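The structure appears right after this line, and notes come after that.
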Amino acid sequence: MREQDPVVRSKNFEEVACGYHPDDALRESERCLMCPDQPCVSGCPVGINIPGFIKKIGEKDLRGAYDILTETSLLPAICGRVCPQESQCEGVCTVGESLEAVAIGRLERFVGDTAIKEGWANIPYIEPNRFKVGIVGSGPAGMACAADMAKAGCDVTVFEAFHQPGGVLKYGIPDFRLPNTVIDAEINNLRLLGVKFECNTLVGRLFSIEQMISEMGYDAVFVGVGAGYPTMLGIPGDSLNGVLSANELLTRCNLMRAKEFPNFDTPQPIGRRVAVVGAGNTAMDAMRVSVRLGAEKVYCIYRRSRKEAPARVEEVHHAEQEGVEFHWLTNPVAVLDDGKGSVRGMRCVRMELGEPDESGRRRPVPVAGSEFDFEADLIVYAIGTNANPIMGQTSKLRLNKWGYIDADDSLATSIAGVFAGGDIVTGAATVIEAMGAGRKAAASMKAYLGIRDASLPYQTGGDTLFGIDLRERNFARVRVA
Amino acid sequence: MDHCRVFLRHEPCPRISTDVLTVQPASPDLKVSKMSNFEIVTREDFSDVTYLLEVRHPLMAKAAKPGQFVIVMLNEHGERIPLTIADFDREKGTITLVIQAVGKTTRQMQQECLVGTSLYAIVGPMGIPSPISHAKKVVCVGGGLGVAPIYPQARGFKESGAYVIGVVGFRNKDLVFWEDKFRACCDEFIICTDDGSAGIKGLVTAGILQAIEKHPDIEEVVAIGPPIMMKGCADATRPYKIKTMVSLNPVMVDGTGMCGGCRVKIGDQVKFACVDGPDFDGHLVDFDDLMMRLRRYTKEERMALDHWEKEKGCRLQKAVESSIDSAILK
């Protein structure tokens, strides 16, 4: 797929990956072997019929491809961009065993973008039922759950504390990875399903989860508020001006459009030399935003080695292309003060990898006497988040010892009718995992409300359904009249 | 997959019920329905810089408790600014904000927030409500901007049966407001002015010391105002070991604990004022750190203000030009 030249793109917020030309998509689709065991489908958290939609692309039937995608994936233009395909569908692709895997994500994005461009929307026939469902948080988990519940016929309202819906997709992921226009298009599709969005609503404080059930008439509630309570390092100099969380940097830049200050009122802290601590996807976003905001030098400070970095390989590669300087095996010791309350630089220590820790990764240990200082005027912490405390403060939802909401395998919480999923249950994860959780919670919610969930095949164990081998594709055409 | 309730529809389905499909027409601008009309129903100007806005928001009026705050956006280009809830009226369904025009946004609001207009966004009530303790004798201190938000606390303490001493500070007599409201809920009321034109001459700390001398059994002091004033209050009560609660108002973006911009040092811990506060034990707060962090965007604030004034000038000029044009054309 064509990408913007690193030198050009590091000066703008346009999308890095330009998307497929129809001919490219056609060519790529032909690489799919249509293998019978379809490892990609089981590799996908939401089980998209991947060979099915690729086949349609090959037949130049993009509308058909879109129809197959929207049977399972709600937001193809988003997922095609932000899913870590290399560890999901593409990671298990049969072609990938000997050659480069089929670019499933790019094909998905191509179909999703075409649908937005053409104004396609698949509005299913929905038979309304009497149930009212409330969704707390309009991020990926909430959006996925809302779509499924709306399709099941429920009256769905999504509550969002910010002034615009989209959650982390809006405030967290920068435009050059996921343009806001794409998010708005997908949100509009949810509105077409009948989903209502209520922004400026801080659930917990404006009304509680319990009130939603007992006073406001909601039959079921899904809580997908995300983790979002950024961790600070806890080293000297943490509170200096010029030290901020990646969440703050990204929210200012993406949602509040501080990059357009002073036409927008929110100011953006701009650094000449920016050090970002951490090497996850959020860290990569923070670095690449800093490059675009005009920083001369952007450093990545990470205590483990490149191999352990949690970010997608592609993201690290993009950041590198754009001129980010990576300092692996380096741990911050202190933020240095300029004497006027602002950041002057950072003191770090070199690390080496020791014995594996509980996560299976080799534990980094400091090398004695290897401290060094460098100059920086903006320090961004992208070292993860803790559980947001608002739900715990305002409801009787049982929390686990880390403050995340305690949910069982079906994502039911300690309050009847209240389900939870996404980062507020698992801790920080990916967009697609949150969407998967939203859909799983929707399935449980339907079971709780007594709505028969027909989108999930009725599986009695083994590979048969009503005695018919599931691999018999003919079965898919059987329709219950 | 679709052998049931959900049919993908290419052709209009014969069983379609139109009312379902017309529930939510596509709205390209993604405006929200209910939570988007925040009408200003009352406005009162206390001085050339301080003004009161009463905003219609029945749900928030029902939920609000003393000590909580809201985040306001004036328009869609606006920044998110935290403002303490000064009062709420559950019957009228309104909340009251008292605002001091100090920066770009608050000055622009002073000009544009007239009765009948609407705010682009207001979200809240945020933060943990102030715990109205069972203290039998309390001093409620408000200085400058803090005079308004201390009022619901004084009223709260009065309602829970405490002996309430109100201490408020202003620069001079002309800036005094809500004296009657305070007198109605305070057993004693002390006004302090910088020039002595009303009440006693001096800072609110003078009022606190006066109250402490008269009442050695004061159990709690609650202070809201500029950081330097709250610092003074905490220092004044420290020798007497009187519990002193302060309400912090650092720079915030989201107000939901997500950005960490509002972090403050409380003893040896770092807390987020938006979700862990905004009330903290004044004897533990690192006020110097807070004041340093409040100065983070001074330069940008100046830029925004200049930009706005310039734009306003341009608009004014354009308006003049167009009116001249139309006058000529007529």
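Those protein sequences? They're chains A and B, same order as listed.
The first sequence begins at 688 in the working numbering and counts up by one.
The second sequence begins at 136 in the working numbering and counts up by one.
Glycine residues also receive a C-beta, built at the ideal position from the N, C-alpha and C atoms.
Predicted, not measured: the structure shown is a model, and the values here were computed from it.
Discussion item. Taking beta-carbon pairs under 7 Å, can you tell me which members of the segment 1062 to 1089 of chain A lie near chain B?
Written reply: Asn1075, Pro1076, Ile1077, Gln1080
Worksheet item: Taking all protein chains shown into account, do 16 or more other C-beta atoms lie within 10 angstroms of the C-beta of B/Leu280, making it buried, or fewer, making it exposed?
Response: Counting from one through the second sequence, the residue named residue 280 of chain B turns up at place 145. It counts as buried.
Worksheet entry | beta strand (DSSP E) runs contained entirely in the segment 986 to 1034 of chain A, provided each spans 3 or more residues | 1012 to 1014, 1017 to 1024
Practice prompt. Assign B/Met393 to one of three DSSP states: helix, strand, or coil.
Written response: Counting from 1 along the second sequence, the entry for residue 393 of chain B is found at position 258. Coil, per DSSP.
Item to complete: Determine the DSSP secondary structure at B/Cys248, reduced to helix, strand or coil.
Response: Mapped onto the second sequence, residue 248 of chain B falls at position 113. Coil.
Worksheet item: With contact counted as at least three CB pairs below 8 Å, one residue from each stretch, are the segment 875 to 885 of chain A and the segment 1071 to 1081 of chain A in contact?
Response: no
Worksheet item: Do B/Ala297 and B/Ile343 come within 8 Å of each other at the CB atom, strictly closer than that value?
Response: Taking the first residue of the second sequence as position 1, residue 343 of chain B is located at position 208. Taking the first residue of the second sequence as position 1, residue 297 of chain B is located at position 162. Contact: no.
Discussion item. Rounding to the nearest angstrom, what Cα-Cα distance links A/Gly1056 and A/Arg1048 in this structure?
Written reply: As a working mapping, residue 1056 of chain A is identified with position 369 in the first sequence. As a working mapping, residue 1048 of chain A is identified with position 361 in the first sequence. If I take the Cα positions, the gap works out to 24 Å.
Worksheet item: Rounded C-beta distance between A/Phe1061 and A/Gly1032? I'm assuming under 8 Å.
Response: By 1-based counting over the first sequence, the position of residue 1061 of chain A is 374. By 1-based counting over the first sequence, the position of residue 1032 of chain A is 345. Their Cβ separation, rounded to whole angstroms, is 6 Å, which keeps A/Phe1061 and A/Gly1032 in contact under 8 Å.
Fill in: Reduced DSSP category for A/Ser716 - H, G, I as helix; E, B as strand; rest coil
Numbered from its first residue, the first sequence carries residue 716 of chain A at position 29. Three-state DSSP puts A/Ser716 in a helix.
Worksheet item: Thinking C-alpha only, which one of A/Arg768, A/Ile737, A/Cys770, A/Ile765 is nearest A/Ile755?
Response: In the first sequence, the residue the question calls residue 755 of chain A occupies position 68. Of the candidates A/Arg768, A/Ile737, A/Cys770, A/Ile765, the one whose C-alpha sits nearest the C-alpha of A/Ile755 is A/Ile737.
Discussion item. Can you tell me where the alpha helix (DSSP H) holding A/Thr1081 begins and where it ends?
Written reply: Residue mapping note: residue 1081 of chain A aligns to position 394 of the first sequence, counting from 1. Start and end: 1077 to 1081.
Item to complete: Would you identify the three-state DSSP class for A/Gln898, choosing helix, strand or coil?
Response: Here residue 898 of chain A refers to the residue found at position 211 when the first sequence is read from its first residue. Helix.
Worksheet item: Quick one: which chain A residues come within Cβ less than 7 Å of B/Arg431?
Response: Counted from its first residue, the second sequence places residue 431 of chain B at position 296. Per Cβ cutoff of 7 Å: Asn928.
Practice prompt. Going by DSSP, name the residue or residues bridged to A/Pro1051.
Written response: What you label residue 1051 of chain A is simply residue 364 of the first sequence in a count that begins at 1. Answer by DSSP bridge pairing, in chain order: A/Leu1040.
Item to complete: Could you pull the start and end residues of the alpha helix (DSSP H) that B/Gln288 belongs to?
Response: By 1-based counting over the second sequence, the position of residue 288 of chain B is 153. Note, B/Gln288: alpha helix (DSSP H), 282 to 294.
Worksheet item: Going by the beta-carbon positions, is the gap between A/Gly826 and A/Phe846 smaller than 8 Å?
Response: Position 139 of the first sequence, counting from 1, holds the residue named residue 826 of chain A. Position 159 of the first sequence, counting from 1, holds the residue named residue 846 of chain A. No, the Cβ-Cβ distance between A/Gly826 and A/Phe846 is not below 8 Å.
Discussion item. Let me confirm a value: A/Gly915 is counted as buried when at least 16 other C-beta atoms fall within 10 Å, else exposed. Which label applies?
Written reply: Within the first sequence, numbered from 1, the residue matching residue 915 of chain A stands at position 228. The residue is buried, with at least 16 neighbouring Cβ atoms inside 10 Å.
Item to complete: State yes or no: is the C-beta of A/Phe894 within less than 8 Å of the C-beta of A/Glu702?
Response: The residue you call residue 894 of chain A lines up with position 207 of the first sequence. The residue you call residue 702 of chain A lines up with position 15 of the first sequence. No, the pair does not count as a contact, with Cβ atoms beyond the cut-off.
Item to complete: Under the assumption that A/Asn934 contacts B/Gly395 (Cβ atoms under 8 Å), give the Cβ distance between them as a whole number of angstroms.
Response: To locate residue 934 of chain A, count along the first sequence from 1; it is residue 247. To locate residue 395 of chain B, count along the second sequence from 1; it is residue 260. Right, their Cβ atoms sit about 7 Å apart.
Fill in: chain A contact for B/Gly396 (CB, 8 Å cutoff)
To locate residue 396 of chain B, count along the second sequence from 1; it is residue 261. B/Gly396 counts as touching chain A.
Fill in: Candidates B/Ala256, B/Val381, B/Gly213, B/Asp423, of which the one nearest B/Pro266 by Cα
What you label residue 266 of chain B is simply residue 131 of the second sequence in a count that begins at 1. Closest option to B/Pro266, Cα to Cα, is B/Val381.
Discussion item. Check for me: the alpha helix (DSSP H) holding A/Glu702 runs from which residue to which?
Written reply: Position 15 of the first sequence holds residue 702 of chain A. Where A/Glu702 is concerned, there is no enclosing alpha helix (DSSP H), given that its DSSP letter is neither H nor E.
Worksheet item: Between B/Leu338 and B/Cys327, is the Cβ-Cβ spacing less than 8 Å?
Response: In the second sequence, residue 338 of chain B corresponds to position 203, counting from 1. In the second sequence, residue 327 of chain B corresponds to position 192, counting from 1. In this structure, B/Cys327 lies closer than 8 Å to B/Leu338 by Cβ.
Item to complete: Using the DSSP secondary-structure output, state which residues sit across from A/Ala1107 in a beta bridge.
Response: In the first sequence, residue 1107 of chain A corresponds to position 420, counting from 1. Partner(s): A/Val910.
Worksheet item: How would you label B/Pro374, buried or exposed, when you count the other beta carbons within 10 angstroms and need 16 or more for buried?
Response: If you number the second sequence from 1, residue 374 of chain B lands on position 239. The residue in question, B/Pro374, is exposed, as its Cβ has fewer than 16 Cβ neighbours within 10 Å.
Worksheet item: Looking at the C-beta of B/Ala283, does it have a partner C-beta in chain A at a distance below 8 Å?
Response: Counted from its first residue, the second sequence places residue 283 of chain B at position 148. Output row for B/Ala283: interface = no.
Worksheet item: Residues of chain A with a CB under 9 Å from the CB of B/Arg428: which are they?
Response: For the purposes of this step, residue 428 of chain B is taken as the residue at position 293 of the second sequence. Those within 9 Å of B/Arg428 in chain A are Ser926, Leu927, Asn928, Gly1028.
Worksheet entry | CB contact below 8 Å: A/Asp952 versus chain B | Here the question's residue 952 of chain A lines up with position 265 in the first sequence. Answer yes: the Cβ-Cβ gap between A/Asp952 and chain B drops below 8 Å somewhere.
Practice prompt. Answer with yes or no whether the minimum CB distance from A/Leu1023 to chain B is below 8 Å.
Written response: Start at 1 with the first residue of the first sequence, and residue 1023 of chain A comes out as number 336. No, its Cβ sits nowhere closer than 8 Å to a Cβ of chain B.
Fill in: Three-state secondary structure assigned by DSSP to A/Asp710
Here residue 710 of chain A refers to the residue found at position 23 when the first sequence is read from its first residue. DSSP places A/Asp710 in helix when its eight states are reduced to three.
Practice prompt. Count the C-beta pairs between the segment 709 to 726 of chain A and the segment 760 to 774 of chain A that are closer than 8 Å, then say yes if the count reaches three, no if not.
Written response: no
Worksheet entry | Separation of A/Leu937 from A/Ile860, as counted between CA atoms | Translated into the one-based positions of the first sequence, residue 860 of chain A becomes position 173. Translated into the one-based positions of the first sequence, residue 937 of chain A becomes position 250. Computed Cα separation, rounded: 8 Å.
Worksheet item: Within the 8 Å Cβ cut-off, does B/Ala270 reach chain A?
Response: On the second sequence, residue 270 of chain B is found 135 positions in, with the first residue counted as 1. No, because no Cβ of chain A sits closer than 8 Å to the Cβ of B/Ala270.
Worksheet item: So, are the CB atoms of B/Lys400 and B/Asp416 less than 8 Å apart?
Response: Here residue 400 of chain B is taken as the residue at index 265 of the second sequence, counted from 1. Here residue 416 of chain B is taken as the residue at index 281 of the second sequence, counted from 1. It is not a contact, given that the beta carbons lie outside the stated cut-off.
Worksheet item: Starting from A/Arg768 and walking both ways along the alpha helix (DSSP H), at which residues does that stretch end?
Response: If you number the first sequence from 1, residue 768 of chain A lands on position 81. It spans 763 to 769 - the alpha helix (DSSP H) in which A/Arg768 sits, taken as one unbroken run.
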